[in-house]
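K.L.:
In the numbering used here, the protein residues as written are 121 to 675.
Beta carbons are placed, not taken as given, at the ideal position from N, Cα and C, and that holds for glycine.
These figures come from a predicted structure and were not determined experimentally.
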């Protein structure tokens, strides 16, 4: 946004004040209106607009011409002209979370020397503890987050086959981007963002902390780094230091994969916190953190467009995946996450729009492995769900450990990214919300995390109960009731003297009501002829199919 443009847009030749004073007044009004629009959309976008006003560049690393060629340089957003910029095409952004110790660099800062332990320093030249590939897609209003485990075994140019977290320390963001693209079969990467753990801590504090559910007690101590993790299970509002403990903890049965799952939980909670109106008051602190701790080749306008887009998408359209793979065994000396190439190719076709060369899509399969995690602690609710799923044809079901966080709404989690099958289960159950994320059971395709809405769900429908039948098997019909008393049929009359209604089926003596009838009519026979069979009532379709097997009742 240039000063010349802003003046020409708002100047009036007939105005009486001097031109410079008039332009300055309109300019500040425009900035004020712009900030108000930011506040309406997103506190995060507001912080980035403040960066634009300050004119401070964000990029801290100068890429060589060769390194710059790794990234797609095409514009991804409209420019700023007294309007918030908008995304104009899908964009893939590699986010690198870096941890650097004083012993990892040749020239640590003086304040980190001679401490007797390996202090964490404000540097970006280290191993990546977290790698995320984000796809912002304005065409379908989706934000896809792909978590790449740090121990993923892959090829890195110049290093051979090793863990992908080494790419940044060996060649910076360009080598990390090229290695990630190769791993994913050629997915293009447009931009990158790097931030270290010190920056994350400061950013969380600037946001005012994050409320998240800690799924288990977390306790770990490493005196060599002065790393002390001590968090109790339950919903907590974490400050920056506590949030870093939550994000770094990996000392459980799943190791780094468990950490990836918790990072996805934290990302969803962080987005919700950033959208709260109270975050607006913290823009100066957020601005300071962004300026001093973020390394990126995004422009300020692009950052604003991305933040605005992320603030407007639905909760269900924030879809979080994990690189398909499995734990290594004893065949390697080190511990690896072994990527599943066939599943990766299927995933990138679906979520990143990449047609991988020589890729044969896997045969479609209706088989699903479903895990159940109960958060209600109510007897019988799991058995009821198993019976309901079984009646719908789902057979591969197992019960996982209960989920400690009390849930009001059941979460139907597409663990492997298959949203369509998760929605099919939701429709069959009639309750719950579908989330595409990798926080469920690792061994499942779908994880159902039962909430309180499952307790109020109706029982499965049952087949209609047949009406009673006589000894000939003919359903008995309800008798037609006599009409109520009226002025024409006083209650004092005997029933035998009351004229029958058209719906009456039995004969009535004509001479008993002769004076009340029109001219004589043919007598009604008292009974059908002996050789005429009585008409048989036709059973309803429901009764005709009464032999069909009823649906199973929940136990």
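(1) Return the residue from the list 193, 472, 422 that minimises the CA-CA distance to residue 206.
(2) Here's a check: name, in chain order, each residue in its chain whose Cβ is nearer than 8 Å to the Cβ of residue 470, leaving out the five neighbours to either side.
(3) State the DSSP-derived secondary structure class of residue 190, mapped to helix, strand or coil.
(4) Is residue 393 a contact residue of the ligand SAH, with contact defined as CB to any heavy atom under 7 Å?
(5) Residue 293 by DSSP, collapsed to three states: which one?
(6) Mind checking whether residue 271 and residue 246 have CB atoms under 8 Å apart?
(7) Measure the beta-carbon distance from residue 552 to residue 532 and round it to whole angstroms, keeping in mind my assumption that it falls under 8 Å.
(8) Quick one: grab the DSSP three-state call for residue 505.
(9) In angstroms, rounded to a whole number, what distance separates the CA positions of residue 318 and residue 389?
(10) Look at the alpha carbon of residue 239 and the alpha carbon of residue 519, and state the distance between them as a whole number of angstroms.
(11) So what does residue 429 bridge to, in DSSP terms?
(12) DSSP state of residue 288, grouped into three classes?
(13) Give, in chain order, every unbroken run of the beta strand (DSSP E) that is at least 3 residues long and sits entirely within the region 397 to 442.
(14) Along the chain, where does the alpha helix (DSSP H) containing residue 369 start, and where does it finish?
(15) Below 8 Å on the Cβ atoms is my guess for residue 183 versus residue 294; work out the distance and round it to an integer in Å.
(16) So, helix, strand or coil for residue 572, using DSSP?
(17) Contact defined as beta carbons within less than 8 Å: I believe residue 263 pairs with residue 215. What is the distance between those atoms, to the nearest angstrom?
(18) Is the beta carbon of residue 377 less than 8 Å from the beta carbon of residue 178?
(19) Between which two residues does the beta strand (DSSP E) harbouring residue 532 extend?
(20) Going by DSSP, which residues form a beta bridge with residue 540?
(21) By the DSSP assignment, the alpha helix (DSSP H) with residue 326 in it spans what residues?
(22) Looking only at its own chain, which residues have a Cβ that is under 6 Å from the Cβ of residue 181, when we skip the five neighbours before and after it?
(23) Alpha carbons only, please: which of 227, 228, 353, 261 is nearest the one belonging to residue 433?
(24) Give me the residue from 402, 405, 398, 365 with the minimum Cα distance to residue 386.
P.N.:
Considering the structure as presented:
(1) For the purposes of this step, residue 206 is taken as the residue at position 86 of the chain shown. Among 193, 472, 422, the Cα nearest to that of residue 206 belongs to 422.
(2) Taking the chain shown and counting its residues from 1, one reaches residue 470 at position 350. Closer than 8 Å at the Cβ level, and outside the excluded window around residue 470, lie 537.
(3) Numbered from its first residue, the chain shown carries residue 190 at position 70. Coil at residue 190, not helix or strand.
(4) No copy of the ligand SAH occurs in the structure displayed, which carries no ligand at all.
(5) Position 173 of the chain shown holds residue 293. Here residue 293 sits in helix by DSSP.
(6) As a first step, residue 271 is located in the chain shown; it is residue number 151 there, counting from the start. As a first step, residue 246 is located in the chain shown; it is residue number 126 there, counting from the start. No; because the gap between Cβ atoms is not below 8 Å, this pair is not in contact.
(7) Your numbering for residue 552 matches position 432 in the chain shown. Your numbering for residue 532 matches position 412 in the chain shown. With 8 Å as the limit, residue 552 and residue 532 qualify as a contact, their Cβ atoms being about 5 Å apart.
(8) Here the question's residue 505 lines up with position 385 in the chain shown. Three-state DSSP puts residue 505 in a helix.
(9) The residue you call residue 318 lines up with position 198 of the chain shown. The residue you call residue 389 lines up with position 269 of the chain shown. Cα to Cα, residue 318 sits roughly 20 Å from residue 389.
(10) One-based indexing of the chain shown puts residue 239 at position 119. One-based indexing of the chain shown puts residue 519 at position 399. About 43 Å.
(11) Position 309 of the chain shown holds residue 429. Paired residue(s): none; residue 429 is not in a bridge.
(12) Mapped onto the chain shown, residue 288 falls at position 168. Helix, per DSSP.
(13) 438 to 442
(14) Locating residue 369 in the chain shown gives position 249, counting from the first residue. From DSSP, residue 369 is part of no alpha helix (DSSP H); its letter is neither H nor E.
(15) Taking the first residue of the chain shown as position 1, residue 183 is located at position 63. Taking the first residue of the chain shown as position 1, residue 294 is located at position 174. With 8 Å as the limit, residue 183 and residue 294 qualify as a contact, their Cβ atoms being about 6 Å apart.
(16) As a first step, residue 572 is located in the chain shown; it is residue number 452 there, counting from the start. In this structure, residue 572 counts as helix in the three-state DSSP scheme.
(17) Counted from its first residue, the chain shown places residue 263 at position 143. Counted from its first residue, the chain shown places residue 215 at position 95. Not a contact, Cβ separation roughly 12 Å.
(18) Mapped onto the chain shown, residue 377 falls at position 257. Mapped onto the chain shown, residue 178 falls at position 58. Taking 8 Å as the cut-off, the Cβ atoms of residue 377 and residue 178 do not count as close.
(19) Indexing the chain shown from 1 puts residue 532 at position 412. Note, residue 532: beta strand (DSSP E), 531 to 534.
(20) Here the question's residue 540 lines up with position 420 in the chain shown. The partner list for residue 540 (beta bridge, DSSP) is empty, contrary to what the question assumes.
(21) For the purposes of this step, residue 326 is identified with residue 206 of the chain shown, where counting begins at 1. Its alpha helix (DSSP H) spans residues 317 to 327.
(22) In the chain shown, the residue the question calls residue 181 occupies position 61. 415, listed in sequence order.
(23) As a working note, residue 433 is residue 313 in the chain shown. Residue 261 is the option with its Cα nearest to residue 433.
(24) As a position in the chain shown, residue 386 is number 266, starting the count at 1. Selected option, being the one with the closest Cα: 365.
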